[in-house]
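Residue numbers (the working numbering): 42 to 357. Glycine included, each C-beta is placed from N, C-alpha and C at the ideal position. All remarks here apply to the structure that follows.
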């Protein structure tokens, strides 16, 4: 990769970070073309830079939008952070280096300010088809409603699902915060949601190059791989007042299956009467059993659960 191509690609990443309509939408392709033209660089360089970025999955086309948009992937955010680190290191070297009056400092790169896109010649860059889902993350905490434990858990993990993150892949904390804000959620609820995730063992913190990250664990990935939580479980959850002690997922599933020793079908109120732990822990346990296919919601009014053949076999 030539220095020129490297600089061009870094500029595109910075523009996307600074001028994206939202993280999930990205930036209109026409705006990117306009900003590129304002720097007087050839459109052939734009094509080469985009091919390099798309080829390494640092950019993707945003699906579901009438006007073509480009957005950063998780790997794109990682590359952007590397570029920012490089810029900081260069600035440190420049501040500590002796001044040489005979050498003129290079003019800083200053792209034109963002303006509405005008009709411009279309660049010949090859834009791959959008392949990622266009549906935005579901709202598990409705606007103005009190947050519940199961709602917070699903709302945070839906971001990791939307970004298609797997076990061990890291998400920059600032990106998680931006996603949360774009979903219209309060900042204090994100802190509570993270505390729930850490207690459940679904997320693990990491620090790299002075930046905070959140990493999906094996249990967290198993949770988002299953079906979405049944709305009936979210409906019976009560507002979260404090984060209580919980148990590993395996133990929760085992304890909940034990409630069905005598009957393959039970009302939620009966399950709660026989449950020795918190209501939220029961909802979490039932949620895990439904996701694993061991339990089914048989009726919603009143809320009733029935063991599937798989769950009945495990009960024995």
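Roughly how many angstroms lie between the CA atoms of residue 341 and residue 275, to the nearest whole one?
-> What you label residue 341 is simply residue 300 of the chain shown in a count that begins at 1. What you label residue 275 is simply residue 234 of the chain shown in a count that begins at 1. Looking at the two C-alpha atoms, the distance is approximately 12 Å.
- By a C-beta neighbour count over all protein chains shown, 10 Å radius and 16 as the cutoff for buried, is residue 175 buried or exposed? Numbered from its first residue, the chain shown carries residue 175 at position 134. With a pLDDT of only 34 at residue 175, under 50, the local geometry of the prediction cannot be trusted, and no value is derived from it.
Does residue 213 come out as helix, strand or coil in the three-state DSSP assignment?
On the chain shown, residue 213 is found 172 positions in, with the first residue counted as 1. In the structure shown, the three-state DSSP call for residue 213 is strand.
From the DSSP secondary-structure annotation, give me the bridge partner or partners of residue 255.
For this step, residue 255 is matched to residue 214 along the chain shown. Partner(s): 212, 246.
**Q.** Three CB pairs or more closer than 8 Å across the stretch 226-243 and the stretch 195-208
**A.** At 8 Å Cβ cutoff, the stretches touch.
**Item:** Nonlocal neighbours in the same chain, by C-beta distance under 7 Å from residue 63, ignoring five residues either side
**Value:** The sequence position of residue 63 within the chain shown is 22, counting from 1. The answer, listed in chain order, is 223.
Item to check | Under the three-state DSSP convention, the category residue 289 falls into | outcome: For the purposes of this step, residue 289 is taken as residue 248 along the chain shown, with counting starting at 1. Residue state, collapsed to three classes: coil.
Can you tell me the Cα-Cα spacing of residue 265 and residue 202, whole angstroms? Working through the chain shown from its first residue, we reach residue 265 at position 224. Working through the chain shown from its first residue, we reach residue 202 at position 161. For residue 265 and residue 202, the distance between alpha carbons rounds to 6 Å.
inquiry  = Going by DSSP in three states, residue 187 sits in which element: helix, strand or coil?
reply    = Locating residue 187 in the chain shown gives position 146, where the first residue counts as 1. It is coil, neither helix nor strand.
(request) Quick one: measure Cβ to Cβ for residue 93 and residue 46, integer angstroms, because I've assumed they're closer than 8 Å. (result) As a first step, residue 93 is located in the chain shown; it is residue number 52 there, counting from the start. As a first step, residue 46 is located in the chain shown; it is residue number 5 there, counting from the start. Their Cβ separation, rounded to whole angstroms, is 6 Å, which keeps residue 93 and residue 46 in contact under 8 Å.
Less than 8 Å separating the beta-carbons of residue 309 and residue 345?
As a first step, residue 309 must be located in the chain shown, where it is residue number 268. As a first step, residue 345 must be located in the chain shown, where it is residue number 304. Going by C-beta atoms, residue 309 is nearer than 8 Å to residue 345.
Simplified DSSP state of residue 339, which is helix, strand or coil
In the chain shown, the residue the question calls residue 339 occupies position 298. Of the three classes helix, strand and coil, the one that applies to residue 339 here is strand, per DSSP.
In DSSP terms, what residue 68 is bridged to: Along the chain shown, one-based indexing puts residue 68 at 27. Paired residues: 111.
For the stretch 181-189 and the stretch 276-284, state whether three or more C-beta atom pairs, one from each stretch, are separated by less than 8 Å.
yes
Taking the straight line between their C-alpha atoms, what separation do you get for residue 362 and residue 57? It is not possible to answer for residue 362, since the shown part of the chain is limited to 42 through 357.
Item checked: Identity of the residue in 268, 227, 255, 260 nearest residue 242 by Cα -> Counted from its first residue, the chain shown places residue 242 at position 201. The shortest Cα separation from residue 242 among 268, 227, 255, 260 belongs to 260.
Note to self: Here's the rule I'm using: 16 or more other beta-carbon atoms within 10 Å means buried, otherwise exposed. How should residue 236 be labelled?
What the structure shows: Here the question's residue 236 lines up with position 195 in the chain shown. Residue 236 comes out exposed.
Check your understanding: Within 10 angstroms of its Cβ, does residue 290 collect 16 or more other Cβ (buried), or is it exposed?
Key -> Taking the first residue of the chain shown as position 1, residue 290 is located at position 249. Residue 290 comes out buried.
**Request:** Look up residue 100 in the DSSP assignment and say whether it is helix, strand or coil.
**Result:** Your numbering for residue 100 matches position 59 in the chain shown. If DSSP states are grouped into helix, strand and coil, residue 100 belongs with the strands.
For residue 286, does the count of other Cβ atoms within 10 angstroms reach 16, so buried, or fall short, so exposed? Translated into the one-based positions of the chain shown, residue 286 becomes position 245. Exposed, by the Cβ-count rule.
message = So, with DSSP's three-state summary, where would you put residue 224?
response = Along the chain shown, read from residue 1 onward, the residue named residue 224 stands at position 183. The answer is coil: DSSP assigns residue 224 none of H, G, I, E or B.
ask   = Do you know how far the Cα of residue 220 is from the Cα of residue 343?
value = Locating residue 343 in the chain shown gives position 302, counting from the first residue. Locating residue 220 in the chain shown gives position 179, counting from the first residue. About 36 Å.
Review point. Rounded to a whole number of angstroms, what is the C-alpha to C-alpha distance between residue 294 and residue 330?
Key: Taking the chain shown and counting its residues from 1, one reaches residue 294 at position 253. Taking the chain shown and counting its residues from 1, one reaches residue 330 at position 289. So the two alpha carbons sit approximately 6 Å from each other.
Handout entry: residue 208 beta carbon less than 8 Å from that of residue 257
Key = Mapped onto the chain shown, residue 257 falls at position 216. Mapped onto the chain shown, residue 208 falls at position 167. In contact: residue 257 and residue 208 (Cβ atoms closer than 8 Å).
**OP:** Note the first and the last residue of the continuous alpha helix (DSSP H) segment covering residue 309.
**Re:** The residue labelled residue 309 in the question sits at position 268 within the chain shown. Here the alpha helix (DSSP H) through residue 309 covers 309-315.
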